[in-house]
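In what follows, a single structure is set out as structure tokens and then discussed.
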Amino acid sequence: MATVSVHALSTGHITIPERFFVVPADPVAKRTVPSLSFLVQHKDAETGKLTRVVFDLGMRRDLALYPAALTSHLANRGPVSTQPDAVASLAAGGLTVDDIDYIIFSHVHYDHVGLPKDFTNEKTKFVVGNGALDLLSGKTKHDLGKHMIFESDLLPLERTLELPPPGSADSHLSWQPFSKFPDAVDFFKDGSVYIVNAPGHLPGHINLLCRISTQPTKFVCLAGDACHDGRLLTGECDIATWTDETGRYCCMHVDIPKSKETLKRLYAASKDGVKVEGEDQPAEFEVIYAHNYEWEERAKQEGKFWPGKL
Ligand SMILES: [Zn+2]
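Start counting the sequence shown at 1; every next residue gets the next number (UniProt numbering).
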């Protein structure tokens, strides 16, 4: 069975009050968290062709590159770090924007989309989950806080692929069940990388499931914002909601029941592993969510940041 190499990319940090993540929470605690991105390298077994995918782009290198409404929101998210950004992190291992074939976004919140305009090469394609383009265009709106600001010109539409609605299939990318996951797209058609529907946080929210070794098989699940805190995964804490200074109801997640289902599924997979065709033992399954500061610390010590690998 085919595998891929996965490499963490350092792409900035933001600081968020704990009470926005979890309940119960320390009312004054704040946490500086990374907004992690990943490089995934795939080699075709027959042709030897190397394909490079970047999953999320994290923060922009300069806050002034965000629209004014987000720049003012980010004034309340300090300390913030914006360097290195995705381009500088790729360069640390000798890659340029021209080496990237696909950029897949877990979702289109500002702290994950980086600066797509850096990737000008015509060969570079963007992939988003179903519903992401309606958010960007403003057709779909969710008034759940100041982080819900989107840019209609974020992506070059002629190079952007929006996945079909989960459950449906088209000629290129068909959703099929994979192990515990009802909706998964076998991206390279060789079982090495699955785009997994992970609904709840934001329309079009997806995870990237990567097979990084065989015998024994191990998957890492790049989980974006499906989870913000390990205690949500285990069920020790619940998803937080809060009221902002204008009296508006706010939440990190657009659909809390769906987010909880996604969390349950991820937790079950991480605890019990996932059943893989042709193997007796369930495969190991590690959940890596974008804002996991503890994972970042360990990964740095263990050399998992590009050019190192997981
Ligand atoms: Zn986020």
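We put the beta carbon where it would ideally sit given N, CA and C, even for glycine. Being a predicted model, the structure only gives us computed values, none of them experimental.
Might you give, ordered along the chain, the residues of its own chain that have their beta carbon closer than 6 angstroms to the beta carbon of residue i, omitting 5 neighbours on each side?
i: residue 218; result: 212, 284
i: residue 181; result: 196
i: residue 37; result: 9, 11, 56, 57, 58, 86
i: residue 69; result: 149
i: residue 179; result: 274, 275
i: residue 7; result: 39, 306, 309
i: residue 17; result: 30
i: residue 93; result: 306, 307
If you drop the 5 nearest sequence neighbours on each side, which residues of the same chain put their C-beta closer than 8 angstroms to that of residue i?
i: residue 259; result: 199, 200, 201, 226, 239, 253
i: residue 214; result: 1, 3
i: residue 282; result: 272, 273, 274, 275, 276
i: residue 230; result: 292, 294
i: residue 90; result: 9, 39, 54, 96, 97, 99, 100, 306
i: residue 177; result: 183, 184
i: residue 45; result: 2, 190
Is there at least one non-hydrogen atom of ligand 1 closer than 7 angstroms to the beta-carbon of residue i?
i: residue 299; result: no
i: residue 290; result: yes
i: residue 109; result: yes
i: residue 112; result: yes
i: residue 35; result: yes
i: residue 229; result: no
i: residue 134; result: no
i: residue 225; result: yes
What's the call for residue i, buried or exposed, on a 16-neighbour Cβ count within 10 Å?
i: residue 130; result: buried
i: residue 172; result: exposed
i: residue 61; result: buried
i: residue 28; result: exposed
i: residue 174; result: exposed
i: residue 162; result: buried
i: residue 319; result: The question about residue 319 has no answer here: the residues shown for the chain are numbered 1 through 310.
i: residue 269; result: buried
i: residue 48; result: exposed
i: residue 280; result: exposed
i: residue 110; result: buried
i: residue 302; result: exposed
i: residue 138; result: exposed
i: residue 223; result: buried
i: residue 247; result: exposed
i: residue 78; result: exposed
i: residue 35; result: buried
In chain order, what residues of the same chain have a beta carbon less than 7 angstroms from the beta carbon of residue i, not counting five sequence neighbours either side?
i: residue 98; result: 121
i: residue 118; result: 87, 97
i: residue 82; result: 12, 59, 60, 61, 62, 63
Taking the C-alpha atoms as reference points, what is the distance between residue i and residue j?
i: residue 187; j: residue 266; result: 20 angstroms
i: residue 21; j: residue 190; result: 36 angstroms
i: residue 317; j: residue 210; result: Nothing can be reported for residue 317, as the shown portion of the chain is limited to 1 through 310.
i: residue 183; j: residue 164; result: 11 angstroms
i: residue 304; j: residue 298; result: 9 angstroms
i: residue 234; j: residue 154; result: 35 angstroms
i: residue 278; j: residue 216; result: 12 angstroms
i: residue 228; j: residue 168; result: 29 angstroms
i: residue 255; j: residue 107; result: 14 angstroms
i: residue 67; j: residue 192; result: 37 angstroms
i: residue 208; j: residue 75; result: 31 angstroms
i: residue 237; j: residue 104; result: 30 angstroms
i: residue 84; j: residue 133; result: 27 angstroms
i: residue 5; j: residue 286; result: 15 angstroms
i: residue 26; j: residue 289; result: 21 angstroms
i: residue 71; j: residue 113; result: 15 angstroms
i: residue 65; j: residue 41; result: 29 angstroms
Quick one: what's residue i bridged to in DSSP?
i: residue 213; result: 218
i: residue 10; result: None; residue 10 has no bridge partner.
i: residue 161; result: 127
i: residue 102; result: 53, 125
i: residue 249; result: 243
i: residue 81; result: 13
i: residue 283; result: 274
i: residue 58; result: 113
i: residue 34; result: 13
i: residue 141; result: DSSP, once it has assigned bridges, lists no residue as partnering residue 141.
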